[in-house]
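Enquirer: Sequences listed follow chains A and B, in order.
Okay, so the first sequence: first residue is 0 according to numbering that gives the first Met the number 0, each after it adds one.
Okay, so the second sequence: first residue is 0 according to numbering that gives the first Met the number 0, each after it adds one.
For every residue, glycine included, the Cβ atom is placed at its ideal position computed from N, Cα and C.
Sharing a structure below in structure tokens format, with a few things to ask.
Number of protein chains: 2
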Amino acid sequence: MKNDTLLRALARQPTAYTPIWLMRQAGRYLPEYNAMRAKAGSFLTLAKTPALATEVTLQPLERFPLDAAILFSDILTIPDAMGLGLEFAEGEGPRFARPLRDERAIGALAVPDPSAELGYVLDAVRQIRRALAERVPLIGFAGSPFTLACYMIEGSASDDWRTVKTMRHARPDLLHHVLEVNTRAVTAYLQAQVAAGIQVAMIFDTWGGTLAYEDYVPFSLAYAQRIVAALEVPTIIFTKGGAPWLGQMMASGVSAVGLDWTNDAQQARLLAAGRVALQGNLDPSALFAPEAAVRAAARRTLDAFGPEPGHVFNLGHGIAPATPVSAVAALVDEVRAYSSARAKNNKPS
Amino acid sequence: MKNDTLLRALARQPTAYTPIWLMRQAGRYLPEYNAMRAKAGSFLTLAKTPALATEVTLQPLERFPLDAAILFSDILTIPDAMGLGLEFAEGEGPRFARPLRDERAIGALAVPDPSAELGYVLDAVRQIRRALAERVPLIGFAGSPFTLACYMIEGSASDDWRTVKTMRHARPDLLHHVLEVNTRAVTAYLQAQVAAGIQVAMIFDTWGGTLAYEDYVPFSLAYAQRIVAALEVPTIIFTKGGAPWLGQMMASGVSAVGLDWTNDAQQARLLAAGRVALQGNLDPSALFAPEAAVRAAARRTLDAFGPEPGHVFNLGHGIAPATPVSAVAALVDEVRAYSSARAKNNKPS
């Protein structure tokens with residue numbers, strides 16, 4: 000591996016600088032991505048065609064000296080493979096043609112065979128690894144069982160996830176059944192991604208933070224934890240709005256906890272106490288500022304996480320589609336320059 | 000005052016039971032509210048006609064033995080009085096005809112005179128107080144300066160508040176100017192509500208929790224705190240997603256901190272250490288469960304907050320429009336019965 004900075008940071012080993020990658024780094028803020036997507040006709044065509052997914056995955060690495068590639072895909076490939084019928088209407092979010100709305104549909108839910116229904120993802124992983132030629136590590140990912148259940152039961156994104164939350168209160172047994180099937184599906188899927196070549200596995204728990212305090216562990220983290228335990232590569236878990244449960248996430252066996260921008264980085268670092276790495280957590284909206292302000296925000300974030308090993312720089316959420324490319328360039332440059340200088344100054348003489 | 004349980008709880012004095020009221024208790028889950036709204040033609044007509052606002056405010060008290068009334072109004076009355084042109088399109092959220100989009104509009108922003116432009120709210124407060132006849136205390140409210148700024152700058156609700164957040168990073172001076180004007184406007188407005196008769200003032204900081212960790216205090220809480228200091232009645236502040244800043248909110252001089260459902264009630268209670276009352280925090284979706292589950296959830300919440308004085312039972316967010324009325328009845332009944340029995344058993348003999 001030419002650049003193993005990310006892997007070393009996830010293992011909390013010293014690095015020459017703080018590694019950086021960005022959630023949704025292959026995405027709509029890049030003109031070359033938009034051109035590819037327009038040619039392909041849709042997001043799903045990009046995601047389901049390994050050669051296109053490979054090209055899109057590598058696009059941000061051609062522009063910026065990022066320390067990781069992340070598989071271009073979507074968390075909803077699993078419920079799609081389960082037969083729920085994933086659709087992306089233009090200008091809207093994802094939608095399922097056949098959401099889980101009754102006990103019969105839930106009872107019939109089966110774990111897809113990754114090498115069959117999700118073979119296109121594994122092909123993309125293999126092609127990306129070849130194209131990367133050991134330049135940087137490849138991160139694979141999946142949605143958390145709870146986050147997948149949210150979309151599967153609600154049918155699309157929601158302000159209040161009323162259908163899934165009603166099920167949690169009125170029929171918790173049904174929700175636990177969906178979560179159980181999802182856990183087995185995500186485990187098999189991520190194990191297959193590892194076999195195909197991913198070097199880090201990330202679990203996106205986008206909606207776990209909407210659960211009541213007492214519900215987060217039994218309905219989200221407990222299931223994600225079983226997946227983490229079944230994987231032989233470093234793992235990262237990210238729960239948007241997860242601040243109330245940082246301690247539990249840190250004790251879940253993951254290599255790193257992803258923090259959104261509402262988290263106090265200094266307190267998270269004290270709580271982690273060197274037992275787990277941290278990833279995050281610049282507010283994506285900071286990239287709409289003038290360049291000098293972007294650079295200042297990068298330095299503030301690095302200062303908050305401190306000079307100790309075990310920080311992976313990232314945004315606190317996916318990069319916004321309207322982000323100026325020049326701001327991303329300034330961010331990546333500043334993180335590298337400032338953290339390199341700091342690492343040099345801190346080195347024991 | 001016939002029932003001063005809420006006021007005693009806000010002062011952290013012992014009460015015969017835990018007082019309860021519900022955010023949006025006068026609202027769309029009540030058939031009599033929907034009938035009134037249909038007759039009036041719109042939400043704004045209800046809010047702007049003191050006799051109708053009075054009737055709607057009292058509706059939930061006729062059904063349930065609640066321990067407070069809350070003024071029927073909207074947080075956006077202030078920017079409406081500033082001339083931004085509030086509209087509610089049917090089935091959608093609020094929208095401003097003239098959002099703040101340039102330096103000139105921001106420079107021209109002026110503090111409205113509550114007794115002139117907002118006289119209808121003060122009339123409603125006086126009428127409600129007469130109609131209540133000292134039955135329970137009346138809570139008045141306003142939006143926090145930051146939450147008002149979100150709507151005023153963005154023009155309507157948003158997933159990511161990109162316009163306001165871009166201003167925070169690109170032109171923080173302009174955002175601070177809006178916040179300064181809003182602070183003076185909310186202070187004058189709540190002082191006028193107090194003069195008209197409200198007995199508790201609540202500040203709704205619905206969007207403060209979307210700020211980056213380091214931004215919440217300087218852009219939201221610091222301004223809200225100035226308002227709290229200028230009021231002579233008990234105060235409650237509620238920040239949705241405010242878990243990362245509980246300690247700062249508790250130290251802000253408020254009588255009570257409102258907690259959303261993601262907060263750990265037991266930890267909040269330890270952190271409050273008897274210095275501040277707590278309000279909350281049942282997940283509103285728990286009201287979609289069967290009655291026995293609603294009652295069990297009420298008991299779990301009461302157990303989490305413990306038997307010490309200083310808890311006001313509420314939901315962790317506004318009650319959902321589709322909530323069954325029977326579930327609200329079960330909740331209010333269980334909170335009264337369970338907390339009465341507990342208070343009796345805990346009484347020193």
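1. Run through DSSP, which three-state label would Asn313 of chain A get?
2. Just how far apart, CA to CA, sit Ala297 of chain B and Glu102 of chain A?
3. Given a threshold of 16 other Cβ atoms within 10 Å of its Cβ, counted over all protein chains shown, does Pro283 of chain B qualify as buried or as exposed?
4. Listing by chain order, which chain B residues have their CB less than 8 Å from the CB of Arg161 of chain A?
5. For Ala130 of chain A, which residues from the same chain have a beta carbon less than 7 Å from its beta carbon, with the 5 sequence-adjacent residues on both sides left out?
6. Could you name the residues that DSSP lists as bridge partners for Arg94 of chain A?
7. Quick check: the stretch 67 to 87 of chain A against the stretch 187 to 207 of chain A, are at least 3 beta-carbon pairs closer than 8 Å?
8. For the alpha helix (DSSP H) that contains Phe42 of chain A, what are its first and last residues?
9. Taking only beta-carbon positions, decide if His357 of chain A is within less than 8 Å of chain B.
10. Alpha carbon to alpha carbon, how far is Ser348 of chain A from Gly309 of chain A?
11. If you check the beta carbons only, do Ala303 of chain A and Leu277 of chain A fall under 8 Å apart?
12. Rounded to whole angstroms, what is the Cα-Cα separation between Phe287 of chain A and Pro113 of chain B?
13. Please determine if the stretch 190 to 207 of chain B and the stretch 59 to 75 of chain B are in contact, where contact requires at least 3 C-beta pairs separated by less than 8 Å.
14. Using a Cβ-Cβ cut-off of less than 8 Å, give me the residues of the stretch 236 to 265 of chain A that come near chain B, in sequence order.
15. Can you name the residues of chain B whose CB is closer than 8 Å to the CB of Gly169 of chain A?
16. Give the DSSP bridge partners of Ile236 of chain B, in chain order.
17. Give me, in chain order, the residues of the same chain whose beta-carbon lies closer than 7 Å to that of Arg125 of chain B; leave out the 5 immediate sequence neighbours on both sides.
18. Three-state secondary structure (DSSP) at Leu281 of chain B?
19. Taking buried to mean at least 16 other C-beta atoms within 10 Å of its own C-beta, is Gln12 of chain A buried or exposed?
20. Residues of chain A with CB closer than 7 Å to the CB of Thr165 of chain B, please, in chain order.
21. Can you give the Cα-Cα distance for Lys343 of chain A and Asn313 of chain A, rounded to whole angstroms?
22. Could you tell me whether the Cβ atoms of Ala148 of chain A and Val163 of chain A are closer together than 8 Å?
23. On a CA-only basis, which of B:Arg183, B:Arg94 and B:Glu231 is nearest Tyr150 of chain B? Give me that one, please.
24. Is the stretch 233 to 250 of chain A touching the stretch 206 to 225 of chain A, taking contact as three or more C-beta pairs under 8 Å?
25. Near Ala328 of chain B, which residues of its chain fall below 8 Å by C-beta distance, leaving aside the five closest residues on each side in sequence?
26. Drop a sphere of 10 angstroms on the beta-carbon of Leu269 of chain B, count the other beta-carbons inside from all chains shown, and report buried for 16 or more, exposed for fewer.
27. Using a Cβ cut-off of 9 Å, which residues of the stretch 332 to 343 of chain B contact any Cβ in chain A, in chain order?
28. With the cut-off set at 8 Å, would you say Pro171 of chain B and Leu9 of chain B are in Cβ contact?
29. Output needed for Phe42 of chain A: all residues of its chain with C-beta closer than 6 Å, excluding positions within five of it in sequence on either side, in chain order.
30. Give me the subset of the stretch 193 to 218 of chain A whose CB atoms are less than 9 Å from a CB atom of chain B, sorted by chain position.
31. Could you compute how far the alpha carbon of Ala351 of chain A sits from the alpha carbon of Ala285 of chain A?
32. If the criterion is Cβ atoms closer than 8 Å, does the pair Ile318 of chain B and Gly26 of chain B meet it?
33. First and last residue of the beta strand (DSSP E) that includes Ala141 of chain A?
34. Gln224 of chain A and Gly252 of chain A: beta carbons closer than 8 Å?
35. In chain order, which continuous runs of the alpha helix (DSSP H) of length 4 or greater are located wholly inside the stretch 19 to 80 of chain A?
36. According to the neighbour-count rule (16 or more other Cβ atoms, all chains shown, within 10 Å of its Cβ), is Pro30 of chain A buried or exposed?
Expert: Short version:
1. Taking the first residue of the first sequence as 1, we reach residue 313 of chain A at position 314. Asn313 of chain A falls in the strand class under three-state DSSP.
2. In the second sequence, residue 297 of chain B corresponds to position 298, counting from 1. In the first sequence, residue 102 of chain A corresponds to position 103, counting from 1. Across the structure, Ala297 of chain B and Glu102 of chain A are spaced so that their CA atoms are roughly 27 Å apart.
3. The residue labelled residue 283 of chain B in the question sits at position 284 within the second sequence. Buried.
4. Position 162 of the first sequence, counting from 1, holds the residue named residue 161 of chain A. Ser284, Phe287, Ala319 and Ala321, listed in chain order.
5. Indexing the first sequence from 1 puts residue 130 of chain A at position 131. Cβ neighbours of Ala130 of chain A beyond the five flanking positions: Thr53 and Leu57.
6. For this step, residue 94 of chain A is matched to residue 95 along the first sequence. BP columns for Arg94 of chain A point to A:Glu86 and A:Ser155.
7. yes
8. Mapped onto the first sequence, residue 42 of chain A falls at position 43. Where Phe42 of chain A is concerned, the enclosing alpha helix (DSSP H) stretches over Phe42 to Lys47.
9. Since the first and last residues shown for chain A are 0 and 348, residue 357 of chain A lies out of range.
10. Mapped onto the first sequence, residue 348 of chain A falls at position 349. Mapped onto the first sequence, residue 309 of chain A falls at position 310. Below a pLDDT of 50, predicted positions are generally treated as unreliable, and Ser348 of chain A, at 49, falls in that range; the measurement from the model is reported next regardless. So the two alpha carbons sit approximately 21 Å from each other.
11. Here residue 303 of chain A is taken as the residue at index 304 of the first sequence, counted from 1. Here residue 277 of chain A is taken as the residue at index 278 of the first sequence, counted from 1. No, the pair does not count as a contact, with Cβ atoms beyond the cut-off.
12. Stepping through the first sequence from its first residue, residue 287 of chain A is reached at position 288. Stepping through the second sequence from its first residue, residue 113 of chain B is reached at position 114. So the two alpha carbons sit approximately 36 Å from each other.
13. Output reads yes: the stretch 59 to 75 of chain B touches the stretch 190 to 207 of chain B.
14. Gly240, Ala242, Pro243, Trp260, Thr261, Asn262, Asp263 and Ala264
15. On the first sequence, residue 169 of chain A is found 170 positions in, with the first residue counted as 1. Inspection of the sequence shows that residue 169 of chain A is occupied by Ala rather than by Gly. Near Ala169 of chain A (Cβ distances below 8 Å), the residues of chain B are Phe287, Ala288, Pro289 and Ala292.
16. As a first step, residue 236 of chain B must be located in the second sequence, where it is residue number 237. Paired residues: B:Ile202 and B:Val256.
17. Translated into positions along the second sequence, residue 125 of chain B becomes position 126. Apart from the 5 residues on each side of it in sequence, Arg125 of chain B sits with its Cβ closer than 7 Å to the Cβ of Ala195 and Gly196 in its chain, given in chain order.
18. In the second sequence, residue 281 of chain B corresponds to position 282, counting from 1. Of the three classes helix, strand and coil, the one that applies to Leu281 of chain B here is strand, per DSSP.
19. Position 13 of the first sequence, counting from 1, holds the residue named residue 12 of chain A. Gln12 of chain A is classed as exposed because its beta carbon has fewer than 16 other beta carbons within 10 Å across all chains shown.
20. By one-based count along the second sequence, residue 165 of chain B stands at place 166. Those within 7 Å of Thr165 of chain B in chain A are Ser284 and Phe287.
21. Translated into the one-based positions of the first sequence, residue 343 of chain A becomes position 344. Translated into the one-based positions of the first sequence, residue 313 of chain A becomes position 314. Distance between the alpha carbons of Lys343 of chain A and Asn313 of chain A is about 22 Å.
22. Residue numbering aside, residue 148 of chain A sits at position 149 when the first sequence is read from its first letter. Residue numbering aside, residue 163 of chain A sits at position 164 when the first sequence is read from its first letter. Yes, Cβ-Cβ distance for Ala148 of chain A and Val163 of chain A is below 8 Å.
23. Taking the second sequence and counting its residues from 1, the one referred to as residue 150 of chain B is at position 151. When each option's Cα is compared against that of Tyr150 of chain B, the closest is B:Arg94.
24. yes
25. Here residue 328 of chain B refers to the residue found at position 329 of the second sequence. Here the set comprises Arg62 and Phe63.
26. Position 270 of the second sequence, counted from the start, is the residue given in the question as residue 269 of chain B. Burial call: exposed.
27. Nothing from the stretch 332 to 343 of chain B brings a Cβ to less than 9 Å from some Cβ of chain A.
28. For the purposes of this step, residue 171 of chain B is taken as residue 172 along the second sequence, with counting starting at 1. For the purposes of this step, residue 9 of chain B is taken as residue 10 along the second sequence, with counting starting at 1. The answer is no: Cβ separation not under 8 Å.
29. Counting from 1 along the first sequence, the entry for residue 42 of chain A is found at position 43. For Phe42 of chain A, where only same-chain residues beyond five positions count, the Cβ hits under 6 Å are Phe87.
30. Gly208, Thr209, Leu210, Ala211, Tyr212, Glu213, Asp214 and Tyr215
31. Residue 351 of chain A lies beyond the range of chain A shown here (0 to 348); nothing can be said about it.
32. Here the question's residue 318 of chain B lines up with position 319 in the second sequence. Here the question's residue 26 of chain B lines up with position 27 in the second sequence. Taking 8 Å as the Cβ cut-off, Ile318 of chain B and Gly26 of chain B qualify as a contacting pair.
33. The residue labelled residue 141 of chain A in the question sits at position 142 within the first sequence. Ala141 of chain A -> beta strand (DSSP E) spans Leu137 to Gly142.
34. By 1-based counting over the first sequence, the position of residue 224 of chain A is 225. By 1-based counting over the first sequence, the position of residue 252 of chain A is 253. It is a contact, given that the beta carbons lie within the stated cut-off.
35. 30 to 39, 42 to 47 and 49 to 62
36. Residue mapping note: residue 30 of chain A aligns to position 31 of the first sequence, counting from 1. That one is exposed.
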